[in-house]
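The sequence shown runs 1 to 165 under UniProt numbering. A quick write-up on the structure given underneath.
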Amino acid sequence: MDVLRPETSDAVGPTSDYTDLRVDQQLCLALQIASSLVTRIYRGLLEPLGLTHPQYLVLIALWERQERCSMGDLRRGLCMDTGAITPLVKRMEAAGLLTRSRDVVDERRVWVDLTDAGWSLRDKVLAVRGSVVEQLPLSDDEIATMRASLQAFNAGMLASAPPFR
């Protein structure tokens with residue numbers, strides 16, 4: 001069965017008024033492809049360490065903190081909803097990378113603490129990040145500029161969006 005295209009000015013094409021509907025005009029697709037390609041590089045380098053990319057991000061979030069981190073802090077810092085962060089942290093706990101414990105004053109709060117095994121991955125993960133940066137087709141300055149632009153973009157989007165729950 002042949003699919004018929006309308007022979008009207010409504011057709012999406014180079015001479016139509018619908019150029020905003022072209023695939024190459026979609027910011028969402030450009031972001032999705034870039035994210036997928038960068039994550040693919042990480043995946044190949046993290047797999048020998050027994051880590052996924054989201055686990056890598058959890059480790060980094062915990063390493064940078066000076067004070068204890070709650071599940072809520074972690075969720076907000078990584079912009080993940082509860083349904084995504086909870087099973088991720090549970091798998092990391094089962095792997096011996098971190099522990100979870102209830103707050104003695106407010107048992108609704110769950111603390112997340114790295115174990116020695118979690119801390120021991122820091123140098124290896126630093127090497128992974130360096131290898132990823134080497135594989136990107138950007139200079140250090142271009143990476144910094146792109147990251148700053150995306151962080152500003154994300155901050156603007158988050159300011160107008162409902163919070164992650």
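By construction, the Cβ of each residue, glycine as well, lies at the ideal position given by its N, Cα and C atoms. These figures come from a predicted structure and were not determined experimentally.
Relative to L78, the option among Y56, E67, K90 whose CA is nearest is Y56.
Ranked by Cα distance from M92, the options H53, I33, A127, A161 are led by H53. Taking a contact as a CB-CB distance under 8 Å, the pair L59 and V125 counts as one, their CB atoms being some 6 Å apart. Assigned with DSSP and collapsed to three states, C28 falls in helix. Assignment of beta strand (DSSP E) within the segment 95-126, counting only whole runs of 3 or more residues, yields 98-102, 110-114 in chain order.
About 6 Å separates the beta carbons of V110 and R102, which is inside the 8 Å limit, making them a contact pair.
Within 10 angstroms of the beta-carbon of I33 lie fewer than 16 other beta-carbons, which makes it exposed. DSSP, read as helix, strand or coil, puts S139 in coil. For A95 against G50, the beta-carbon gap comes to about 7 Å, under 8 Å, which counts as contact.
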